[in-house]
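Heads up: the sequence shown at position 4 corresponds to 80 in our numbering, and the numbers run straight through without jumps.
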Amino acid sequence: LSRATANLWHSGRHNARLARLLCNTAAVDGTPAEQRMVGLLEQQLEATDVVVRDVSGGCGSMYQISVVSPKFKGLPLVKQHRLVNDVLKEEISGMHGLTLKTKAA
């Protein structure tokens with residue numbers, strides 16, 4: 077299981093979202109681009125939970141990203157998003173769309 081899947085399971089939120097993760101190979105294993113973004117966010121933001129999902133049908137032009145990090149504590153949502161944007165600046169430059177959710181750990 078991926079870290080995101082394990083976190084959902086252990087948190088007790090094993091619902092339709094977990095089922096989708098388990099049934100979607102790309103979400104569990106991740107494309108190279110998804111894996112790179114997860115690694116960058118975990119490393120640079122000390123993220124405790126990261127989900128990166130290509131929602132463009134596999135072409136890599138649109139992503140849904142969810143990040144939980146202790147570095148977000150006390151920061152307004154706009155500043156949390158700026159931190160993620162700074163980490164993924166290069167990757168975002170090639171995207172057509174991004175849905176971002178952040179939360180303090």
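Virtual Cβ for every residue (Gly too), placed ideally from N, Cα, C.
Keep in mind that this is a model prediction, so the values were computed, not measured.
In this structure, K147 is the residue among E166, K147 and K165 with its C-alpha nearest to the C-alpha of T178. Residues V163 of the same chain have their beta carbon placed closer than 8 Å to that of Q120, with the five preceding and five following residues left out of the count. Here G134 carries a coil assignment [DSSP, helix/strand/coil]. Under a 10 Å Cβ-count criterion, A123 is classified as buried, with 16 or more other Cβ atoms of the shown protein chains found around its own Cβ. Around H157, the same chain offers L176 and T178 as residues with beta carbons nearer than 7 Å, after the five sequence neighbours per side are excluded. As DSSP reads the structure, D125 sits in a beta bridge with V144.
A Cβ-Cβ contact shorter than 7 Å links E110 with V128.
Beta-bridge partners assigned by DSSP to G173: M138. By the neighbour-count criterion, in which 16 or more other beta carbons inside 10 Å mark a residue as buried, L153 falls on the exposed side.
Spanning the alpha carbons of I141 and L174 requires a straight line of approximately 7 Å.
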